[in-house]
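In our numbering, the protein residues as written are 20 to 442.
Put into structure tokens, the structure is as follows:
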């Protein structure tokens, strides 16, 4: 609370007492233009943690917080982000360490492909929504500033993505970047139009799959993309048929922007999110098999039937997006709940520290992790169990180092660069 410097001591004390008497109110502020302001924050946060909505952590702002304290971060979002890093490590280590056998662990790793990326995209949308809500409460100037930061970060991620693409074809940073640029003018758009826009992006992608050649440039046996560094190939890979492309993955970010407007401090809201997410995932997986069988029985090649009605991430057709998006919502809600239940637990704090440096670990798990496996020749001759153990050990090391690192530094190395360059 800010008081005039020249005010008398009595006036200051009176104002302070009035402010304190107003703070415990827990009324619902209301919903306006798709924004839901939570009634109170029960989320714990570690001391000295920064508030970085998009890439480090996602702060939540309540009525009381806007009056007396800076934004409080929802540590559970950091936990979910760290779990996504672990999922990526398992999938990518399994990809390079095994020869694609038929074990149940191999099947699970194949089924998990694309799911961690969905968690990242939805969390990015949640962060954008919360940042825009904070800006909306501060006025037009703050909204304009938030848009500028989002645009700068979008350009930064786009550039970093093209650099990262030279060593890793499954880059998602470029999609992050373009999605941020798309989201910048949509910060105040209500939730219903956002969902309509997300559905439209998915519909456009489905139309592109049927009208264009999705396999253009691809050798799916070697995962080599011909002509990637030509203007046509780079554009096609980014927008349409890359491992992760703007169409349709931006739809998940827009979905996250809608989810960022709910009250994540409410246990009932989290429970509903978990149940709905798991239900959507189950329905998508259950109806996929008969649809594939029907398409094959109608004379379509099995590969085409699986591509259209399956739940694999390439191409990311509607049933995959429903399955991955629903699972991501459940994981995020569970992470928030666990972080609230044990906010001071060592595991939660270590997971949160890893999530707060997720940008650094996303790059490191490929450059150091996968690159290290290739350097020592630890590739394509091992079991999925060993790949899982290796990824788990690497992630445990990442958790430990993140926990120690965050005791001394506010930001991860690449997170610091992001803030210095893009704000």
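Ideal Cβ placement from N, Cα and C applies to all residues, glycine included.
{"query": "Are the CB atoms of residue 269 and residue 15 within a distance shorter than 8 Å?", "result": "Since the first and last residues shown for the chain are 20 and 442, residue 15 lies out of range."}
{"query": "Take every Cβ of the stretch 398–412, pair it with every Cβ of the stretch 106–124, and state whether three or more of those distances are shorter than 8 Å.", "result": "yes"}
{"query": "Please classify residue 384: is it buried, with 16 or more other beta-carbons within 10 angstroms of its beta-carbon, or exposed?", "result": "buried"}
{"query": "Only counting the same chain, and skipping five residues up and downstream in sequence, which positions put a Cβ closer than 6 Å to that of residue 206?", "result": "151"}
{"query": "So, are the CB atoms of residue 257 and residue 145 less than 8 Å apart?", "result": "no"}
{"query": "Just to confirm the assignment, what range does the alpha helix (DSSP H) spanning residue 219 have?", "result": "210–230"}
{"query": "Among all the DSSP beta bridges, which residues are the ones paired with residue 244?", "result": "237"}
{"query": "Are the Cβ atoms of residue 354 and residue 98 separated by less than 8 Å?", "result": "yes"}
{"query": "Can you give me the C-alpha to C-alpha distance between residue 387 and residue 417, rounded to a whole angstrom?", "result": "11 Å"}
{"query": "Taking the Cβ atom as the reference point for each residue, do residue 272 and residue 349 lie within a distance shorter than 8 Å?", "result": "no"}
{"query": "How many angstroms separate the CA atom of residue 134 from the CA atom of residue 331?", "result": "10 Å"}
{"query": "Using only the alpha-carbon positions, how far apart do residue 178 and residue 300 sit?", "result": "33 Å"}
{"query": "Which residue wins for smallest C-alpha separation from residue 381, given the options 94, 360, 105, 162?", "result": "105"}
{"query": "Which word fits residue 283, buried or exposed, when buried means at least 16 other C-beta atoms lie within 10 angstroms of its C-beta?", "result": "buried"}
{"query": "Consider the Cβ of residue 316: report whether some Cβ of chain B lies at a distance smaller than 8 Å.", "result": "Structure shown: chain B not included; a single protein chain is present."}
{"query": "Does the stretch 300–310 come close enough to the stretch 333–349 to have 3 or more Cβ pairs within less than 8 Å?", "result": "yes"}
{"query": "Would you check if the distance between the CB atom of residue 221 and the CB atom of residue 340 is smaller than 8 Å?", "result": "yes"}
{"query": "When DSSP labels each residue in this structure, what does residue 284 get in the three-state scheme?", "result": "coil"}
{"query": "Is the CB-CB distance between residue 414 and residue 108 below 8 Å?", "result": "yes"}
{"query": "Between the C-alpha atoms of residue 204 and residue 163, what's the straight-line distance to the nearest angstrom?", "result": "10 Å"}
{"query": "Would you mind listing the alpha helix (DSSP H) stretches within the stretch 305–349 that are 4+ residues and don't spill past its ends, in chain order?", "result": "321–328"}
{"query": "For residue 400, is the classification buried or exposed, using 16 other Cβ atoms within 10 angstroms of its Cβ as the cut-off for buried?", "result": "exposed"}
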